[in-house]
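Chemist: A single structure is presented below for examination.
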Amino acid sequence: MEKPDSLNIPAFQRKKMLEKKIKDSQKPLRATRKTRPKTKTDTMLTLSVNNTIPTIERITASASTITPEVTLRNFKPAGTLERYFQALKVAIISTETTIRVGDKILFEHEDGFFEQTIDSIQINRQPVEKADKGCKIGIQTLIQPLSGRKIYKEL
């Protein structure tokens, strides 16, 4: 048999035949992962991680030699902040415990807490050394505390 003449084959069939030949000649494509080339730091990190073996070490120090890094302090509720005068920088506090000049008081501020040592206490614009429970006192503060919040005294 003779080869069919390419001119006698209709165009749409020639197109299909050519597409089939091209498809058969190509290898099937595989999904490949794109990887970035390893740098020196990557290889150093993998080496250092693989070479270190964790070990368990027994602590032989006694309890007396171990000192805590942070010392915990005890605070007690001392009162409530009633009002704050910005012009005078004075806080009006209703006390729940006895407060003296020299006590350290913890106020609540917008950013957290701040601590201040009491330099002077006034009751009805008269300076006093000690304020008993239930009094309304005025204390000058360095930073504006939040009104209506608790005030704590260091024990």
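Residue numbers (the numbering used here): 1 to 155. We put the beta carbon where it would ideally sit given N, CA and C, even for glycine. Remember, predicted model here, so these are calculated numbers, not experimental data.
Given this structure, state the Cα-to-Cα distance separating D111 from I118, to the nearest angstrom.
Modeler: The residue you call residue 111 lines up with position 111 of the sequence shown. The residue you call residue 118 lines up with position 118 of the sequence shown. Roughly 21 Å between the two C-alpha positions.
Chemist: Could you compute how far the alpha carbon of E82 sits from the alpha carbon of K136?
Modeler: Numbered from 1 along the sequence shown, position 82 holds the residue referred to as residue 82. Numbered from 1 along the sequence shown, position 136 holds the residue referred to as residue 136. Answer to the nearest angstrom: the Cα atoms are 9 Å apart.
Chemist: Just to confirm before moving on: does the CB-CB distance between I92 and G138 stay below 8 Å?
Modeler: On the sequence shown, position 92 is the one that residue 92 refers to. On the sequence shown, position 138 is the one that residue 138 refers to. Going by C-beta atoms, I92 is nearer than 8 Å to G138.
Chemist: Anyone know if the C-beta pair for S120 and Q144 falls short of 8 Å?
Modeler: What you label residue 120 is simply residue 120 of the sequence shown in a count that begins at 1. What you label residue 144 is simply residue 144 of the sequence shown in a count that begins at 1. No. Outside cutoff.
Chemist: Check each candidate in L142, V128, F113 and name the one with the smallest Cα separation from K153.
Modeler: Taking the first residue of the sequence shown as position 1, residue 153 is located at position 153. Out of L142, V128, F113, F113 has the C-alpha closest to the C-alpha of K153.
Chemist: In three-state terms, what does DSSP make of K16?
Modeler: Here residue 16 refers to the residue found at position 16 when the sequence shown is read from its first residue. Three-state DSSP puts K16 in a helix.
Chemist: Do you know how far the Cα of T80 is from the Cα of E129?
Modeler: On the sequence shown, position 129 is the one that residue 129 refers to. On the sequence shown, position 80 is the one that residue 80 refers to. Whole-angstrom Cα-Cα distance: 19 Å.
Chemist: Any idea what DSSP makes of T137, helix, strand or coil?
Modeler: As a working mapping, residue 137 is identified with position 137 in the sequence shown. The amino acid at residue 137 is misidentified as Thr; the sequence shows Ile. I137: strand per DSSP, three-state reduction.
Chemist: Less than 8 Å separating the beta-carbons of H109 and L142?
Modeler: Indexing the sequence shown from 1 puts residue 109 at position 109. Indexing the sequence shown from 1 puts residue 142 at position 142. No, the Cβ-Cβ distance between H109 and L142 is not below 8 Å.
Chemist: Please state whether DSSP places A87 in a helix, a strand or coil.
Modeler: If you number the sequence shown from 1, residue 87 lands on position 87. If DSSP states are grouped into helix, strand and coil, A87 belongs with coil.
Chemist: Of all the options K15, K133, L155, S25, which has the alpha carbon lying nearest to the alpha carbon of E96?
Modeler: Walking along the sequence shown from the start, residue 96 turns up at place 96. Nearest C-alpha to E96: K133.
Chemist: Does L18 pass the burial test, meaning 16 or more other C-beta atoms within 10 Å, or should it be called exposed?
Modeler: Start at 1 with the first residue of the sequence shown, and residue 18 comes out as number 18. With fewer than 16 other Cβ atoms within 10 Å, it is exposed.
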